[in-house]
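Visitor: Take a look at this one; I'll ask things after.
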Ligand SMILES: [Zn+2]
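In the numbering used here, the protein residues as written are 2 to 375.
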């Protein structure tokens with residue numbers, strides 16, 4: 002029998018004096034661990050089946066870490082699989098190691114689904130192993146979708162040959178925040194470079210603060226949205242308008258934005274735009290009451306824009322702006338009376354038509370952080 006085939010010995014039953022000694026060891030170990038940086042703690046891993054654990058490292062967020070926001074790192078740190086944050090594409094590297102280090106470790110990395118790309122290389126030897134997931138356009142489609150993207154994942158197998166033979170496998174998989182962030186990498190990596198999208202920070206992806214933000218949202222089941230100011234815009238408009246409005250479209254992930262024909266750089270993708278209508282608008286659109294309601298909402302949005310740091314307000318029919326952005330519709334005055342008191346100049350057919358046709362009011366703000374990202 003070769004050395005490599007020797008099974009891992011099972012621990013012998015403990016004697017009382019061993020238990021006392023072990024308790025002391027644990028206490029010492031706990032003390033030592035609490036003084037150690039997280040990346041070095043737990044080197045002697047009592048919980049791991051093979052006596053070691055796997056840890057992972059990737060490229061992390063560079064901006065904004067000074068504030069110690071969770072999931073923004075000042076530098077690359079080693080973390081367990083369940084905490085691993087990673088994106089692929091644009092030659093991002095992923096690294097795994099054994100803790101404690103095992104120089105004889107033999108590695109194999111398998112993608113979970115073709116959308117996870119091709120790990121390059123997919124095999125190696127040593128205490129650390131680094132691979133670059135190579136992705137093609139067909140593996141990471143950017144044709145638009147109204148479905149949630151799948152997580153990128155890998156199955157990591159490590160085999161130890163020296164002293165004891167053991168094989169251990171675990172999986173790493175993107176969580177919903179990284180699934181969403183990965184869409185931005187995919188779209189930004191387009192060969193044609195049609196977008197200047199930046200990758201949002203993880204802490205901008207939050208539980209939906211209003212349930213209507215989950216309408217027309219690929220991640221409705223996850224109940225999360227990217228919010229970079231859309232809530233403040235909405236609340237500012239409602240404060241001016243005097244009542245709650247209907248949200249037709251709020252944050253759109255890049256796949257959703259593409260699927261609904263949004264412009265490539267749409268601010269809806271940054272979580273800084275809202276399409277909204279009066280609450281009962283479907284039933285009254287094109288009537289006197291509908292015209293008054295949408296006109297009041299448009300004017301409320303124009304006022305809210307200035308108060309809440311907005312960039313653009315549009316009166317739209319679907320994707321088409323009916324009125325030059327940020328400009329009011331003509332108001333009645335001494336020269337242009339409004340005898341029927343509907344807020345529109347008598348005989349102003351152009352304004353009447355815009356208000357009859359409008360489907361919603363759009364408001365947005367500048368993308369956050371000047372486009373800085375991970
Ligand atoms: Zn819009």
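Quick reminder that beta carbons are idealized off the backbone N, C-alpha and C, glycines included.
Exposed or buried, what is residue 65 when buried is set at 16 or more other beta-carbons lying within 10 Å of its beta-carbon?
Guide: For this step, residue 65 is matched to residue 64 along the chain shown. Per-residue confidence for residue 65 stands at a pLDDT of 40, beneath the threshold of 50, marking its modelled position as unreliable; no derived number is given.
Visitor: Pull up the distance between the alpha-carbon of residue 262 and that of residue 318, whole angstroms please.
Guide: Position 261 of the chain shown, counted from the start, is the residue given in the question as residue 262. Position 317 of the chain shown, counted from the start, is the residue given in the question as residue 318. The alpha-carbon atoms of residue 262 and residue 318 are separated by roughly 14 Å.
Visitor: Can you have a look at residue 337 and say buried or exposed, based on whether 16 or more other CB atoms are within 10 angstroms of its CB?
Guide: Residue 337 sits at position 336 when you count from the first residue of the chain shown. Looking at its Cβ environment, which holds fewer than 16 other Cβ atoms inside 10 Å, residue 337 is exposed.
Visitor: Kindly list the residues whose CB is nearer than 7 Å to the CB of residue 196, restricted to its own chain and excluding five residues on each side of it in sequence; keep chain order.
Guide: Start at 1 with the first residue of the chain shown, and residue 196 comes out as number 195. Result list for residue 196: 188, 189, 265, 266, in chain order.
Visitor: In or out: residue 325 buried (at least 16 other Cβ within 10 Å) or exposed?
Guide: The residue you call residue 325 lines up with position 324 of the chain shown. Its Cβ having fewer than 16 others within 10 Å, residue 325 is exposed.
Visitor: One question on the structure: do residue 275 and residue 234 come within less than 8 Å of each other, judged by their Cβ atoms?
Guide: What you label residue 275 is simply residue 274 of the chain shown in a count that begins at 1. What you label residue 234 is simply residue 233 of the chain shown in a count that begins at 1. Yes, they are a contact pair.
Visitor: Near residue 133, what residues of its chain come up, given a Cβ to Cβ distance below 8 Å and the 5 sequence neighbours on each side ignored?
Guide: Start at 1 with the first residue of the chain shown, and residue 133 comes out as number 132. Answer for residue 133: 92, 93, 94, 95, 120, 121, listed in chain order.
Visitor: Tell me whether residue 250 counts as near ligand 1, meaning its Cβ is closer than 7 Å to at least one heavy atom of that ligand.
Guide: Sequence index remark: in the chain shown, residue 250 carries index 249 (1-based). Indeed, a heavy atom of ligand 1 lies less than 7 Å from the Cβ.
Visitor: Looking at the secondary structure, which residues open and close the alpha helix (DSSP H) in which residue 308 lies?
Guide: Residue numbering aside, residue 308 sits at position 307 when the chain shown is read from its first letter. Its alpha helix (DSSP H) spans residues 289-308.
Visitor: Are residue 362 and residue 299 touching if we call contact CB-CB under 8 Å?
Guide: The residue you call residue 362 lines up with position 361 of the chain shown. The residue you call residue 299 lines up with position 298 of the chain shown. Cβ distance < 8 Å, so residue 362 and residue 299 count as in contact.
Visitor: Going by other Cβ atoms of all chains shown within 10 Å of its Cβ, with 16 needed for buried, is residue 99 buried or exposed?
Guide: The residue given as residue 99 occupies position 98 in the chain shown. Its Cβ being crowded by 16 or more others within 10 Å, residue 99 is buried.
Visitor: CA-CA distance, residue 251 and residue 313?
Guide: The count along the chain shown starts at 1 and reaches residue 251 at position 250. The count along the chain shown starts at 1 and reaches residue 313 at position 312. Between residue 251 and residue 313, the C-alpha separation is close to 15 Å.
Visitor: For residue 125 and residue 107, what's the separation of their Cα atoms in angstroms?
Guide: Taking the chain shown and counting its residues from 1, the one referred to as residue 125 is at position 124. Taking the chain shown and counting its residues from 1, the one referred to as residue 107 is at position 106. Approximately 6 Å, taken between the alpha carbons.
Visitor: Apart from the five residues just before and just after residue 368, which ones in its own chain have a Cβ nearer than 6 Å to its Cβ?
Guide: Counting from one through the chain shown, the residue named residue 368 turns up at place 367. Cβ within range, chain order: 271.
Visitor: Which ranges would you report for the beta strand (DSSP E) in the segment 212-286 if only whole runs of at least 3 residues count?
Guide: 225-227, 246-250, 274-279
Visitor: What are the boundary residues of the alpha helix (DSSP H) that residue 358 is part of?
Guide: As a working note, residue 358 is residue 357 in the chain shown. Membership of residue 358 in the alpha helix (DSSP H) is indicated by the continuous run 350-358.
Visitor: How about residue 219 and residue 183: do their beta carbons lie closer than 8 Å?
Guide: Within the chain shown, numbered from 1, the residue matching residue 219 stands at position 218. Within the chain shown, numbered from 1, the residue matching residue 183 stands at position 182. For residue 219 and residue 183, no; Cβs fall outside 8 Å.
Visitor: I'd like to know whether the C-beta atoms of residue 248 and residue 302 end up nearer to each other than 8 Å.
Guide: Within the chain shown, residue 248 is the residue found at index 247, counting from 1. Within the chain shown, residue 302 is the residue found at index 301, counting from 1. For residue 248 and residue 302, no; Cβs fall outside 8 Å.
Visitor: Looking at the secondary structure, which residues open and close the alpha helix (DSSP H) in which residue 182 lies?
Guide: The sequence position of residue 182 within the chain shown is 181, counting from 1. That run of the alpha helix (DSSP H) goes 177-189.
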